[in-house]
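S.K.:
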Amino acid sequence: MPIPRPDLQGDRVIAHVDMDCFYVQVEQRKQPKLRGSPTAVVQYNDWKGGALIAVSYEARKFGVKRSMRGAEAEMVCPNIQLVQVPVARGKADLNAYRSAGSEVVSILSTKGRCERASIDEVYLDLTDAAESMLSETPPEALEDIDEEALKSHVLGLSGDEDREKNAQRWFIRSDAIHQDKLLACGAIIVAHLRGEVLKETEFTCSAGIAHNKMLAKLASGMHKPAQQTIVPSSAVKDLLASLPVKKMKQLGGKLGSSLQNDLGVNTVGDLLKYSEEKLQERYGFNTGTWLWNIARGISGDEVKGRVLTKSHGCGKTFPGPRALKTTAAVESWLNQLCEELSERIQLDMDQNKRVAHTLTLHARAFKTSDVEPHKKFPSKSCPLRYGINKIQEDAKKLFEAGLREFLGSHINAWRVTSLSISAGKILDTPRTSSISRFFQGKSLSSAISDASNDDIQDDAPSSSIGCKENIVPESDEDEVFAHGKSVKEDDAPSKDRKIDVLCTQSRKQKDKGNGSILRFFSGIKTSAKLASNAPSSRSESHKVQDQRDHQEECVVDDHSRLGTISNQQRDDSWKFNAEDIDPSVIDELPPEIQREVRGWICSSKRAKTTKQGSSIFHYFSTDDNA
DNA sequence: ACGGGTCGGACC
DNA sequence: TGGTCCGAC
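Numbering of the first sequence is given in the numbering used here, commencing with residue 182 and proceeding in unit increments.
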């Protein structure tokens, strides 16, 4: 699982920021009277008082732990305040925590590359900011330095008496090595950011500052809550020497157990005894090298610039007697899950201009009269279509396909103990200079949800799920394009505006038969009609569109009717599917382009690749503002 | 009858 | 790829 990355760049400044008992803080902000008293967040309190998923530091003093039941917590801490996770559609609703996490990220992402590692954790690469500070305003006197930064814990400082004094001296050491000075700057930046977070969100957090993610993560947990810890290189060896392997990220599971049980490695330092080859032999090449490196505090793992999640999922378990026994029960719960999922991907689209492309269903099930004892319910996925009903419909088909495979040819009673669906392959929709401009009177979001209006029932043969085929049925293009009211009203393109080409990157041109050029021309056909009875002024929303900082072309996607927009500029050719182009579309083009297009329609039965420099390419790729 | 609900990543 | 498994919070 872990993979070694050589730390090419040696002196990075990496921070890991971890919110303190985050769910509790979110609830305390909502309900300030809870502040200061022992508090825990539980979900579902009907069975033994619910399961604790976050515990305040006041409550921890009483020995309250995560994974206790509410009832247990009350035994060890009678005054504990138990707050329930909101429930929506019969399941836990974590949206409040997700959006609180986003508040934090929006502050933390201002000083450098930011990776959202979980709902309440981020990594920051502050190398550039720290270098700048060091060269412009290096910390030379205590007065220069944020008070919070001076409270940092600096690992490896010898002084046992006054920790804070030592830390302060460390900050302003003029003879410190460059690496340490960078860390000091990083710590000052982090202290400032934490102050901003507190001011703007009322949340406290803890942080670790080090030269790589692994050490930063380790450090952020060392002094909590609301404190920060610095790991100078000089402290790494001693730190790891006594660190139990299980404390290291990635070693909390089977791999860590194996190190202990099979190699007798109890601390990370113990790993130093093993050669890289030995570790590779035992755990495989990648893992072996990775282990060898982390024993030395080496990790080149980079901070990904990613503040948004890569997928959205929701699920629910149905333990013991609650296990679902009928397809009706399964469908009913799937519908609830799909509603939530739909809401979330819709929000993602509205807020972030992103579109999800695959829908995946997971389930756990067992057979009551089991012949094959431990067969797993297979997960299934299909292209994702926007719209609650479509998602529900597709999820149902995915479940049916999975169930058939799960049951095989036997006639068996079954129980489902968990269900989850997720939306993945989420791609940015770069700003539109393409066909979607014709429809930009409305948001991308409404365009897509309109495109998946549920009044038209499409019937995909459910058998197609098991196969490699797309279960998404083709629907009438007019369904998309018919929704033109805002286009007509206030945002129709002017007649002379360049009709943008719709195309896909050639490397993505795997869609067979339903190439996007086809949709493009269908689109032009309709939009040209709309355009012809529209006012000729550029609309307000076009200007807004133009300001989006994404770039380049827009493409109608395979999975949603009006969806994916992909970057083109780097491609030197576009591949067009020339099938089924309505001649009236071509009439809209300038004469010389018309001739060109008619030419390649005649000459090619299926597809045509135009190279950069061709007149068609030039025409369609030229900015209409030019 | 399970820490539940979600995530990310690697592997085949 | 899709599907599975692992690890994490």
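Virtual Cβ for every residue (Gly too), placed ideally from N, Cα, C.
Quick check: what's the CA-CA separation for Q573 versus S601?
M.R.: Taking the first residue of the first sequence as 1, we reach residue 573 at position 392. Taking the first residue of the first sequence as 1, we reach residue 601 at position 420. Their backbone Cα atoms lie some 12 Å apart in a straight line.
S.K.: Whole angstroms is fine: what's the gap from D752's alpha carbon to Q431's?
M.R.: Within the first sequence, numbered from 1, the residue matching residue 752 stands at position 571. Within the first sequence, numbered from 1, the residue matching residue 431 stands at position 250. Low confidence applies to D752: its pLDDT is 36, below 50, so where it sits in the model is not reliable, and the reading given next is rough at best. In a straight line, the C-alpha of D752 is about 39 Å away from that of Q431.
S.K.: Between the beta-carbon of H543 and the beta-carbon of S523, is there less than 8 Å?
M.R.: Residue mapping note: residue 543 aligns to position 362 of the first sequence, counting from 1. Residue mapping note: residue 523 aligns to position 342 of the first sequence, counting from 1. No; because the gap between Cβ atoms is not below 8 Å, this pair is not in contact.
S.K.: Mark R354 as exposed unless 16 or more other C-beta atoms lie within 10 angstroms of its C-beta, in which case mark it buried.
M.R.: Translated into the one-based positions of the first sequence, residue 354 becomes position 173. Classification for R354: exposed.
S.K.: Pair every Cβ in the segment 592 to 611 with every Cβ in the segment 503 to 521, then say whether three or more of these pairs are closer than 8 Å.
M.R.: They touch, by the three-pair rule.
S.K.: Do E208 and V222 count as a contact pair if the criterion is CB distance below 8 Å?
M.R.: As a position in the first sequence, residue 222 is number 41, starting the count at 1. As a position in the first sequence, residue 208 is number 27, starting the count at 1. Going by C-beta atoms, V222 is nearer than 8 Å to E208.
S.K.: Around the Cβ of K362, are there at least 16 other Cβ atoms within 10 angstroms (buried) or fewer (exposed)?
M.R.: Along the first sequence, one-based indexing puts residue 362 at 181. Flag for K362 reads buried.
S.K.: With distances taken from CA atoms, which of E512, L215, I390 and S287 is nearest L307?
M.R.: Numbered from its first residue, the first sequence carries residue 307 at position 126. When each option's Cα is compared against that of L307, the closest is I390.
S.K.: Leaving aside the five residues before and after E321 along the sequence, list all residues of the same chain whose C-beta is less than 7 Å from its C-beta, in chain order.
M.R.: Residue mapping note: residue 321 aligns to position 140 of the first sequence, counting from 1. Answer for E321: I353, listed in chain order.
S.K.: Within the same chain, show all residues whose beta-carbon is closer than 6 Å to that of A310, passing over the 5 residues directly before and after it, in chain order.
M.R.: Position 129 of the first sequence holds residue 310. Counting only Cβ-Cβ distances below 6 Å, and skipping sequence neighbours, we find K292, G293 and I370.
S.K.: What is the DSSP secondary structure of H334, reduced to helix, strand or coil?
M.R.: For the purposes of this step, residue 334 is taken as residue 153 along the first sequence, with counting starting at 1. Residue state, collapsed to three classes: strand.
S.K.: Please confirm if the segment 406 to 416 is in contact with the segment 381 to 389, defined as three or more CB-CB distances below 8 Å between the two stretches.
M.R.: The segment 406 to 416 vs the segment 381 to 389: in contact.
S.K.: With DSSP as the reference, identify every bridge partner of M200, one or two as the case may be.
M.R.: The residue given as residue 200 occupies position 19 in the first sequence. M200 is bridged to C386.
S.K.: If you compare alpha carbons, which of A416, G376 and P219 is closest to L336?
M.R.: Here residue 336 refers to the residue found at position 155 when the first sequence is read from its first residue. Minimum Cα distance to L336 is reached at A416.
S.K.: Along the alpha helix (DSSP H) that carries V286, what are the first and last residues, could you check?
M.R.: For the purposes of this step, residue 286 is identified with residue 105 of the first sequence, where counting begins at 1. Run containing V286: N276 to L289, per the alpha helix (DSSP H) assignment.
S.K.: Looking at the unbroken beta strand (DSSP E) that takes in Y304, where does it start and where does it end?
M.R.: Looking up residue 304 in the first sequence gives position 123. That run of the beta strand (DSSP E) goes E302 to D306.
S.K.: Give the DSSP-derived three-state secondary structure of P425 in the structure shown.
M.R.: The count along the first sequence starts at 1 and reaches residue 425 at position 244. It is a strand residue.
S.K.: Less than 8 Å between the beta carbons of L289 and V303, yes or no?
M.R.: The residue labelled residue 289 in the question sits at position 108 within the first sequence. The residue labelled residue 303 in the question sits at position 122 within the first sequence. Their beta carbons are under 8 Å apart, which means L289 touches V303 by this criterion.
S.K.: Going by beta-carbon coordinates alone, are E329 and G376 separated by less than 8 Å?
M.R.: Indexing the first sequence from 1 puts residue 329 at position 148. Indexing the first sequence from 1 puts residue 376 at position 195. Going by C-beta atoms, E329 is nearer than 8 Å to G376.
S.K.: Please confirm whether D609 and R535 have their CB atoms less than 8 Å apart.
M.R.: Taking the first residue of the first sequence as 1, we reach residue 609 at position 428. Taking the first residue of the first sequence as 1, we reach residue 535 at position 354. Cβ distance < 8 Å, so D609 and R535 count as in contact.
S.K.: State buried or exposed for W514, treating a residue as buried only when at least 16 other CB atoms are found within 10 Å of its CB.
M.R.: Here residue 514 corresponds to residue number 333 of the first sequence, with the count starting at 1. Burial call: buried.
S.K.: Using beta-carbon positions only, say whether G450 and L421 come within less than 8 Å of one another.
M.R.: As a first step, residue 450 is located in the first sequence; it is residue number 269 there, counting from the start. As a first step, residue 421 is located in the first sequence; it is residue number 240 there, counting from the start. Yes, the Cβ-Cβ distance between G450 and L421 is below 8 Å.
S.K.: According to the neighbour-count rule (16 or more other Cβ atoms, all chains shown, within 10 Å of its Cβ), is H493 buried or exposed?
M.R.: The residue given as residue 493 occupies position 312 in the first sequence. Buried is the call here.
S.K.: Write down the C-beta distance between H197 and K398 rounded to the nearest angstrom, noting that I regard them as a contact closer than 8 Å.
M.R.: Your numbering for residue 197 matches position 16 in the first sequence. Your numbering for residue 398 matches position 217 in the first sequence. Rounded, the Cβ-Cβ distance is 4 Å, consistent with contact.
S.K.: Could you check the C-alpha separation between C202 and C295 for me, to the nearest Å?
M.R.: In the first sequence, counting from the first residue as 1, residue 202 sits at position 21. In the first sequence, counting from the first residue as 1, residue 295 sits at position 114. Using only the alpha carbons, I get a separation of about 21 Å.
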